[in-house]
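Here's the structure, in structure tokens; my notes come after.
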Amino acid sequence: MSAPFLILIVVSELISLWFLRGLLKSSRSRLEKFALALVLMVPVLGPFVYAFLSEDVPTNHPLLRDNGPRGRFTHSMIGIEADLARAKQEEAIRSEKDGDPSRSD
Numbered sequence: 000m001s002a003p004f005l006i007l008i009v010v011s012e013l014i015s016l017w018f019l020r021g022l023l024k025s026s027r028s029r030l031e032k033f034a035l036a037l038v039l040m041v042p043v044l045g046p047f048v049y050a051f052l053s054e055d056v057p058t059n060h061p062l063l064r065d066n067g068p069r070g071r072f073t074h075s076m077i078g079i080e081a082d083l084a085r086a087k088q089e090e091a092i093r094s095e096k097d098g099d100p101s102r103s104d
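Under numbering that gives the first Met the number 0, read the sequence shown as residues 0 to 104, first letter to last.
Below is the structure:
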């Protein structure tokens, strides 16, 4: 086994031990602690997978949640697409009448 690979394994296991210490002090259920401890035993990838799985992301503020029906945003954009195209055409016609070629598309 090469020295750099061995150093990588030792460093990853030290990181795993650090995470394991915090895991055992946490208020998670026993089953969750056991499963995450098994993940931490995997060399090199274990700490990365553990960090991904154990991240407790808080929920968004109620005003920032999308609680509407599926496709609400897309539907509203499709609904105004014709209006936007018409406004763009009118702007181009107005800029041609004013003699400002830099404003037309």
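Where a beta carbon is used, it is the ideal one built from N, C-alpha and C, also for glycine.
With a Cβ-Cβ cutoff of 8 angstroms, do residue i and residue j count as a contact?
i, j, result
"Leu35", "Leu52", "yes"
"Ser25", "Pro46", "no"
"Pro42", "Ile8", "yes"
Along the alpha helix (DSSP H) that carries residue i, what are the first and last residues, could you check?
i, result
"Gly21", "2 to 24"
"Pro46", "44 to 53"
"Arg29", "29 to 39"
Shortest alpha-carbon distance to residue i belongs to which of the options?
i, options, result
"Leu39", "Asp82, Lys96, Val10, Asn66", "Val10"
In or out: residue i buried (at least 16 other Cβ within 10 Å) or exposed?
i, result
"Ala50", "exposed"
"Leu44", "exposed"
"Phe18", "buried"
"Leu22", "buried"
Sorry if obvious, but does the Cβ on residue i come closer than 7 angstroms to a heavy atom of the ligand GTP?
i, result
"Phe47", "Of ligands this structure carries none, so the ligand GTP is not represented either."
* Run through the region 51 to 90 for me and flag every whole alpha helix (DSSP H) of 4 or more residues, listed as ranges in chain order. => Correct list: empty.
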